[in-house]
Amino acid sequence: MSNLGQKSAERASFVNLLSQYLKEKRSLGDFSVGISSKPDSKGQQAKTINFLSHVANSSESSRPNIVASNVKSADFFPGSFGASCSKEDNINKTDLRKKPVAVEQKNAQLTIFFNGQVVVYNDFPADKVNEIMALANQGSSTASTGVNVADSAMEKPSSNADKIDTNNTDIPDLNVASGTANTPDQDPSVERRQYGGSDLRIARRNSLHKFFEKRKDRAAARAPYQLNNNRVRLPPPKPEEGQSSKETPRNIDLNL
Amino acid sequence: MELNDDNKVNKTMTSQPGMSDVILGCVVPYIDDPKDRDAVSLVCRRWYELDALTRKHITIALCYTTSPDRLRRRFRHLESLKLKGKPRAAMFNLIPEDWGGYVTPWVNEIAENFNCLRSVHFRRMIVKDSDLEVLARSRGKVLQVLKLDKCSGFSTDGLLQVGRMCRQLRTLFLEESSIIEKDGQWLHELAVNNSVLMTLNFYMTDLVKVSFEDLELIARNCRNLASVKISDCEILDLVGFFRAASVLEEFCGGSFNDQPERYTVVSFPPRLCRLGLTYMGKNEMPIVFPFASLLKKLDLLYALLDTEDHCSLIQRCPNLEVLETRNVIGDRGLEVLARSCKRLKRLRIERGADEHGMEDEEGVVSQRGLMALAQGCLELEYLAVYVSDITNASLQYIGTYSKNLCDFRLVLLDREDRITDLPLDNGVRDLLRGCEKLRRFALYLRPGGLTDVGLGYIGQYSPKVRWMLLGYVGGSDAGILEFSKGCPSLQKLEVRGCCFSEHALAASVMQLTSLRYLWVQGYRASKSGCDLFAMARPFWNIELIPARRIVMTDHVGEADVVEDPAHILAYYSLAGPRADFPETVIPLDPLAAGVEL
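Those sequence lines, one after another, are chains A and B. All you need for the working numbering is the position in the first sequence, starting with 1, plus 170. All you need for the working numbering is the position in the second sequence, starting with 1, plus 48.
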């Protein structure tokens with residue numbers, strides 16, 4: 171495993187760059203995702219937004235392999251791989267919670283995630299990046315100043331970017347994070363949120379889930395004023411008062 | 049391990065003085081237990097061959113661990129095969145539908161080479177109509193058991209072929225499969241062609257176009273029909289069926305859509321002792337009372353009973369051995385159960401609906417019910433329960449009283465903010481120490497539910513446990529590392545929502561000596577995703593399902609976005625990496641990454 175260290179560093183940087191690239195692509199609104207629609211037997215549409223299909227399509231490798239060493243990095247990063255690498259590592263170390271920053275040397279594009287918004291700067295001078303990072307690092311007071319400075323040069327974030335919730339729990343990443351990839355390991359105050367699956371609900375069994383849905387349907391169908399639900403075979407309509415009053419207690423009943 | 053078919057039975061025994069071929073040949077077929085068989089096959093080449101020739105049943109716990117070819121080369125005369133595909137998490141809608149587990153290569157091999165195969169069981173796999181046709185055509189004359197268990201990908205057209213060509217079926221099992229329904233013809237074909245059916249099961253499928261007349265015909269034609277579990281079908285339409293099925297012992301399914309008093313005309317078969325009536329409510333329940341004392345198994349998972357109803361019914365069932373229900377049974381229901389059902393062996397208490405007003409307010413299970421249960425039902429072998437509250441003492445009770453427990457699963461629901469007694473370190477320790485027969489163990493808690501010390505206890509005190517599910521346990525990497533120093537028998541580990549880093553998970557895998565299968569969802573990922581390579585080794589496949597965002601639209605058009613964190617799946621395989629990955633699954637290939645093994 172002697173080569174591992176060197177190679178893993180390269181891989182780490184590569185994967186980081188790749189993930190930054192994806193974020194940029196997203197923020198620009200140039201975001202083609204593979205959405206496959208899979209209706210299950212109940213007609214529910216489960217659309218899986220597969221962020222990685224974008225990667226798979228772009229690269230020439232036939233199989234999306236996370237650490238494929240033969241993916242043509244030149245396709246993603248026109249800049250020299252080695253140079254961006256070291257700078258990237260440097261910047262990543264000073265990443266702030268909620269403010270990961272992507273640097274792309276050749277395009278000189280800066281993307282900032284802040285407070286639920288994504289901001290993209292084109293033609294941002296690379297040397298200024300460290301300045302911005304330093305400002306942001308200094309804490310909230312100067313951070314706000316920093317942001318104000320950026321505001322004037324700000325490009326309107328795309329509408330897609332607004333929808334991106336940067337609340338740590340979601341942006342799927344090539345780092346295959348559990349949703350907490352954007353949170354740096356060092357910050358102890360987010361330790362609890364990093365509890366792997368803080369966003370993981372106790373999963374429900376399919377069979378029971380279907381049953382609860384059907385039970386809701388039955389409850390809806392039995393209410394006298396509801397429309398016929400053809401999923402449930404209803405008893406013949408009973409116009410008499412007596413009969414329908416027999417139905418209604420069932421609805422109020424917690425037994426439903 | 050290549051089996052050469054030329055080394056047949058006629059060779060003289062040179063390696064085993066004193067035990068002739070004849071004696072060995074007589075004895076080995078009586079050995080059924082897979083572990084014993086495994087041991088037999090390792091003694092020497094002769095014994096290996098004899099095992100290969102005489103082994104009747106094989107279960108392949110994950111279809112990608114080997115290949116159809118390898119199976120055929122070793123066990124050509126197999127009579128019964130069980131294959132499992134998707135990870136267990138698929139039952140909870142956590143695995144992409146197209147993940148894999150295709151039966152096609154296996155069916156093709158079966159069709160061509162497995163001439164003795166009479167029983168096929170596919171669980172959580174993808175089955176196509178063409179697969180069913182191939183199977184029916186090639187093995188239809190001898191196939192006695194066909195189980196498509198939580199499978200998907202086929203339609204009633206495939207079943208039609210089965211009904212037509214598999215006339216020797218004793219068992220047709222389709223429970224919980226996702227089947228595209230075109231018509232009810234398949235059941236009709238089964239009805240007119242089969243007279244030996246004993247078990248028919250399409251429970252929890254959405255097949256509604258089946259006709260009750262065909263069910264009745266099956267009951268009339270098949271004099272050995274013992275177990276029938278169906279989808280929703282009005283019970284009043286089944287009166288004729290119940291009359292005809294004179295030896296029926298088990299019935300589940302049906303539906304109650306009419307006025308309760310109309311159901312007094314329903315008369316159940318005399319030997320019926322395993323029952324589960326869907327949508328049965330308080331007012332219909334009395335139809336069960338006349339034979340409640342005969343009941344050995346009761347399925348109330350899909351009934352509409354409240355806590356009081358449970359008490360009322362359960363106290364009439366002194367011979368109950370298996371009960372499945374939701375937590376609406378409540379602590380009070382468990383107390384009644386403990387008093388009335390001394391023969392109880394298996395209890396499963398599932399989680400009720402979350403919406404308010406849909407379940408009984410009394411419908412919560414806590415330490416109170418568990419303690420009563422432990423003391424009352426001493427023969428308990430299987431306990432799976434969703435609790436709303438828990439204490440160490442109740443777990444200690446289980447350790448003290450439930451000496452026959454082989455399978456214990458506890459999930460702590462997340463509705464209550466405050467739990468009476470956490471962490472559960474000591475209770476878990478005492479339960480594990482007391483329940484010496486435990487083979488399967490699941491503990492699903494919340495942050496703070498079990499410390500690293502408690503996790504270490506699990507490792508230390510579970511010598512025979514082969515399968516574990518751990519959810520929200522431990523507090524740091526130290527926990528899983530300590531845990532993995534123990535668990536000497538642990539073959540399959542599922543971990544969800546834990547705080548462990550990739551590095552710790554990988555290191556743990558290397559320490560667990562019996563581990564052959566790992567599934568993880570929700571963990572602390574490394575920046576590069578490469579820390580997992582610490583567990584790279586020969587024959588060990590590592591796959592990832594990266595985090596996804598799933599948009600679910602229900603049937604009323606409301607959309608719900610669900611975040612699905614990344615999964616790790618790792619397993620030993622003799623067949624190398626899969627060749628059929630969908631887009632959503634990514635292999636981690638150490639060789640491609642240049643990792644030295």
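C-beta: ideal position from N, C-alpha, C; glycine also.
- Gly133 (chain B) sits away from Asp177 (chain B), with the two beta carbons spaced by 8 Å or more.
- Apart from the 5 residues on each side of it in sequence, Tyr565 (chain B) sits with its Cβ closer than 6 Å to the Cβ of Lys540, Tyr619 in its chain, given in chain order.
- Rounded to the nearest whole angstrom, the C-alpha separation of Cys300 (chain B) and Gly400 (chain B) is 20 Å.
- Judged by DSSP secondary structure, Trp588 (chain B) falls within the beta strand (DSSP E) whose first and last residues are 588-593.
- Of the candidates B:Val256, B:Leu431, B:Leu101, B:Val256 places its Cα closest to the Cα of Ser226 (chain B).
- For Cys389 (chain B), the secondary structure class from DSSP, reduced to helix, strand or coil, is coil.
- Ala393 (chain A) is outside the set of residues whose beta carbon lies under 8 Å from a beta carbon in chain B.
- Residue-level contact check: Asp478 (chain B) does not touch chain A, since none of the beta carbons of chain A fall below 8 Å from its beta carbon.
- Judged by beta-carbon spacing, Ala293 (chain B) lies beyond the 8 Å limit of Val313 (chain B), meaning their Cβ atoms are not closer than that value.
- By the 16-neighbour rule on beta-carbons within 10 angstroms, Thr107 (chain B) is exposed.
- Against Asn589 (chain B), chain A offers no close residue; the least beta-carbon distance is about 13 Å (beta-carbon pairs closer than 7 Å).
- The beta carbon of Glu224 (chain B) falls within 8 Å of a beta carbon belonging to chain A, placing the residue at that interface.
- Annotation for Tyr96 (chain B): the continuous alpha helix (DSSP H) segment containing it runs 93-102.
- Within chain B, no C-beta atom comes less than 7 Å from the C-beta of Asn300 (chain A); the nearest is roughly 20 Å away.
- By the beta-carbon neighbour count (other beta carbons within 10 angstroms, threshold 16), Val193 (chain B) is buried.
- Between Glu127 (chain B) and the set B:Tyr96, B:Arg166, B:Cys111, the nearest pair of CA atoms involves B:Arg166.
- Using a CB distance cut-off of 8 Å, Gly545 (chain B) counts as an interface residue toward chain A.
- Exposure of Arg466 (chain B) is indicated by the presence of fewer than 16 other C-beta atoms within 10 angstroms of its C-beta.
- The Cβ of Leu378 (chain A) sits closer than 8 Å to at least one Cβ of chain B.
- Spanning the alpha carbons of Asp437 (chain B) and Leu418 (chain B) requires a straight line of approximately 10 Å.
- When the alpha-carbon of Leu196 (chain B) is set against those of B:Gln233, B:Gln216, B:Met252, B:Met213, the nearest one is in B:Met252.
- Residue state for Gly329 (chain B) is assigned as strand, using DSSP reduced to three classes.
- In terms of CA proximity to Cys547 (chain B), B:Thr499 leads the group B:Ser562, B:Arg514, B:Thr499, B:Leu538.
- Under DSSP, Asn249 (chain B) shares a beta bridge with B:Phe221, B:Lys277.
- The C-alpha of Cys483 (chain B) is placed about 24 Å away from the C-alpha of Gly378 (chain B).
- For Gln209 (chain B), the uninterrupted alpha helix (DSSP H) run begins and ends at 204-213, by DSSP.
- When secondary structure is reduced to three states using DSSP, Ser200 (chain B) falls in the strand class.
- Under a 10 Å Cβ-count criterion, Pro116 (chain B) is classified as buried, with 16 or more other Cβ atoms of the shown protein chains found around its own Cβ.
- In this structure Gly73 (chain B) is exposed. Its beta-carbon is surrounded by fewer than 16 other beta-carbon atoms within 10 angstroms.
- Rounded to the nearest whole angstrom, the CA to CA distance from Pro318 (chain B) to Glu530 (chain B) is 55 Å.
- Interface flag for Leu370 (chain A) against chain B is set, since a Cβ pair is found closer than 8 Å.
- Here DSSP, grouped into helix, strand and coil, assigns Lys533 (chain B) to coil.
- Here Asn163 (chain B) is exposed. Its C-beta has fewer than 16 other C-beta atoms within 10 Å.
- In the three-state DSSP reduction, Cys300 (chain B) falls in the strand class (E or B).
- According to DSSP, residue pairing for Val151 (chain B) in a beta bridge does not occur.
- For Ser450 (chain B), no alpha helix (DSSP H) segment is defined, and its DSSP state is neither H nor E.
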